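S.K.:
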Amino acid sequence: MYRLLTIVGAVLPAVLAQTFYGCYTEGSSSRALTGAQTVNYTSMTVEVCETYCTGLTFSIWGLEYGGECYCGNELSTGSFQSFSTDCTMSCGGNATETCGGPNRLSLYGSSTEAPAVTLDPHAAVNATEFLGCYTEGVGVRALSGAQAYSATGMTVEACGNYCLEAGYTIFGTEYSAECYCGNSIDTTSTLAASTDCSMACSGNSTELCGGPDRLSVYQWYDSSA
Ligand SMILES: *[C@@H]1O[C@H](CO)[C@@H](O)[C@H](O)[C@H]1NC(C)=O
Ligand SMILES: *[C@@H]1O[C@H](CO)[C@@H](O)[C@H](O)[C@H]1NC(C)=O
Ligand SMILES: *[C@@H]1O[C@H](CO)[C@@H](O)[C@H](O)[C@H]1NC(C)=O
Ligand SMILES: *[C@@H]1O[C@H](CO)[C@@H](O)[C@H](O)[C@H]1NC(C)=O
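Structure (structure tokens):
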């Protein structure tokens, strides 16, 4: 019970007159927010950052690594909503609040609409297509590029963005919380019954994220082609 309270307290965003957008990555070649910044690892809170950024008339602010505060009016290329479990560092000035993580921002803003995201694609793509439910490979992963795991934050979008930024156009979610990337599906992986992929995503119960030994596989493609 004590442990549960501690964990819940550490991941809850502050309840303020601002919108919490989620846990975001830094940009691919610059900080996600480049307007202004202030750092204090002992006194930083979500309120301190909000006050600092809104005082400079910025509309978006993010907290990183327990004590860094960044402001801006838009997200840099390559910054996207990542897995919520990447943002679990408490704020130096208020341990019950979350201030991002390593290279991750707890992102807030004055608009109820989340800011637009511009990925840094390694291929000319801008839409995703569901390829089907696939078996794992035999002795190898069906998708053997990058991989990520998020016990409570996996979604189809987060996995897709993660893989595209990592340089892969095919991605698959497995066993609710796992994400695998590749540029081709291993030949030992075969199409399975769609009912084999019926586990809800750990970060969005209305989305499906594969099953035991099964991947819900998607591909990025160019919708203008
Ligand atoms: C710490 O943050 C919590 C959650 O936002 C808030 O309720 C509380 O008042 C804050 N404590 C201090 C000392 O600011
Ligand atoms: C951090 O904030 C505290 C409290 O306001 C202050 O005493 C301290 O000097 C600050 N540290 C730095 C490095 O600015
Ligand atoms: C969950 O997924 C559904 C279907 O993709 C989507 O419409 C909804 O916005 C998602 N919810 C959240 C909180 O991301
Ligand atoms: C992808 O880009 C093309 C060309 O710019 C555009 O026509 C199309 O609407 C875009 N599709 C999506 C899903 O953004």
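Residue numbers for the sequence shown, in mature numbering (1 follows the signal peptide of the UniProt record, and there is no 0): -17 to -1, 1 to 208. Yeah, the Cβ is synthetic: ideal placement off N, Cα and C, and Gly gets one too. Predicted model only: the values in this text are computed from it and were never measured.
Assuming residue 109 and residue 206 are in contact, meaning their beta carbons sit under 8 Å apart, how far apart are those beta carbons, in whole angstroms?
M.R.: Their Cβ separation, rounded to whole angstroms, is 6 Å, which keeps residue 109 and residue 206 in contact under 8 Å.
S.K.: So the beta strand (DSSP E) residue 131 belongs to, where does it begin and stop?
M.R.: Residues 130 to 132.
S.K.: Could you please give me the residues that DSSP links to residue 3 through a beta bridge?
M.R.: Residue 3 is bridged to 91.
S.K.: On the DSSP bridge assignment, give the partners of residue 161 in chain order.
M.R.: Looking at the DSSP assignment, residue 161 forms a beta bridge with 132, 157.
S.K.: Could you tell me if the beta carbon of residue 189 falls within a distance shorter than 7 Å of some heavy atom in ligand 3?
M.R.: Checking the Cβ of residue 189 against ligand 3 gives yes.
S.K.: Thinking C-alpha only, which one of 88, 46, 54 is nearest residue 63?
M.R.: The shortest C-alpha separation from residue 63 is found at 88.
S.K.: Of all the alpha helix (DSSP H) runs that stay within the bounds of the stretch 24 to 91, which reach a length of 4 or more residues?
M.R.: Counting whole runs of 4 or more residues, the stretch 24 to 91 contains the alpha helix (DSSP H) stretches 29 to 38.
S.K.: By Cβ distance below 7 Å, which residues in the same chain neighbour residue 107 in space, the five residues on each side in sequence not counted?
M.R.: Cβ within range, chain order: 205.
S.K.: Cβ of residue 81 versus every heavy atom of ligand 6: is any distance shorter than 7 Å?
M.R.: Ligand 6 is absent from the structure shown, which contains only ligand 1, ligand 2, ligand 3 and ligand 4.
S.K.: Per DSSP, residue 198 is paired with what?
M.R.: Per DSSP, 117, 157.
S.K.: Any Cβ of chain C within less than 8 Å of the Cβ of residue 144?
M.R.: Absence of chain C from the displayed structure is noted, only one protein chain being present.
S.K.: Assign residue 160 to one of two classes, buried (16 or more other C-beta atoms within 10 Å of its C-beta) or exposed (fewer than that).
M.R.: Its Cβ being crowded by 16 or more others within 10 Å, residue 160 is buried.
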